[in-house]
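*Asks:*
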Amino acid sequence: VQLQASGGGLVQPGGSLRLSCAASGSIFSLYVMSWYRQAPGKQRELVATIPRAGSTNYADSVKGRFTGSRDNAKNTVYLQMNSLQPEDTAVYYCNARRYDQNYNYWGQGTLVTVSS
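Take 5 as the starting number for the sequence shown in the working numbering and just add one per residue.
(1) Taking 8 Å as the cut-off, decide whether the C-beta atoms of Pro55 and Val36 are in contact.
(2) Apply the 10 Å Cβ neighbour rule to Asn79 and answer buried if 16 or more other Cβ atoms are within range, or exposed otherwise.
(3) Cβ atoms of Thr71 and Val95: under 8 Å apart, would you say?
(4) Are the CB atoms of Leu14 and Thr117 within a distance shorter than 8 Å?
(5) I need the straight-line Cα distance from Arg69 to Trp110, nearest angstrom please.
(6) Apart from the five residues on each side of it in sequence, which residues of its chain come closer than 8 Å, Cβ to Cβ, to Tyr103?
(7) Once you ignore the five residues that flank Gln60 on each side, which residues in its own chain have a CB closer than 6 Å to its CB?
(8) At the level of alpha carbons, what is the spacing between Asn86 and Lys46?
(9) At what residue ranges does the segment 93 to 118 contain a whole run of the beta strand (DSSP E), taking only runs of 3 or more?
(10) For Arg48, report the span of its beta strand (DSSP E) as first-last.
(11) Mapping the DSSP letters down to three states, classify Ser59 as helix, strand or coil.
Written out as structure tokens, the structure is:
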């Protein structure tokens, strides 16, 4: 599966952005989708996991502010980010893992910068 992330940019503290990740090349509904982020000088961390069915799981740092969702008809996963703070500044990556395999696919990343 190929992943193409988009939607990053510069936003002021308290603002919002919506990231999108379009998947192609495989049956999207078979994949568990996740968003990760990597801030400068830090390790990549899991932000949200959007399962094939059921509720999205979130890192404690983004609960109540970020919402992950997927549209299987459009082969796309989203991350709605509200109340953004400077500590949310990072490159955001989408990740796909087929439910019956352990191999991870990665998109190219999209930069989110939160600054006044």
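Ideal Cβ placement from N, Cα and C applies to all residues, glycine included. All figures in this text were calculated on a predicted structure; none of them were measured in a lab.
*Replies:* With the given structure in hand:
(1) On the sequence shown, position 51 is the one that residue 55 refers to. On the sequence shown, position 32 is the one that residue 36 refers to. Contact: yes.
(2) Within the sequence shown, residue 79 is the residue found at index 75, counting from 1. With 16 or more other Cβ atoms within 10 Å, it is buried.
(3) Along the sequence shown, one-based indexing puts residue 95 at 91. Along the sequence shown, one-based indexing puts residue 71 at 67. Their beta carbons are not under 8 Å apart, which means Val95 does not touch Thr71 by this criterion.
(4) In the sequence shown, the residue the question calls residue 117 occupies position 113. In the sequence shown, the residue the question calls residue 14 occupies position 10. Against a cut-off of 8 Å, the Cβ pair of Leu14 and Thr117 comes out as a contact.
(5) In the sequence shown, residue 69 corresponds to position 65, counting from 1. In the sequence shown, residue 110 corresponds to position 106, counting from 1. Between Arg69 and Trp110, the C-alpha separation is close to 24 Å.
(6) Here residue 103 refers to the residue found at position 99 when the sequence shown is read from its first residue. For Tyr103, where only same-chain residues beyond five positions count, the Cβ hits under 8 Å are Leu34, Tyr35, Val36 and Arg56.
(7) Sequence index remark: in the sequence shown, residue 60 carries index 56 (1-based). Correcting the residue type first, residue 60 is Thr in the shown sequence and not Gln. Hits under 6 Å: Ala52, Ile54 and Gly72.
(8) For the purposes of this step, residue 86 is taken as residue 82 along the sequence shown, with counting starting at 1. For the purposes of this step, residue 46 is taken as residue 42 along the sequence shown, with counting starting at 1. Those two C-alpha atoms are separated by around 22 Å.
(9) 94 to 102, 108 to 110 and 114 to 118
(10) On the sequence shown, position 44 is the one that residue 48 refers to. Where Arg48 is concerned, there is no enclosing beta strand (DSSP E), given that its DSSP letter is neither H nor E.
(11) The count along the sequence shown starts at 1 and reaches residue 59 at position 55. If DSSP states are grouped into helix, strand and coil, Ser59 belongs with coil.
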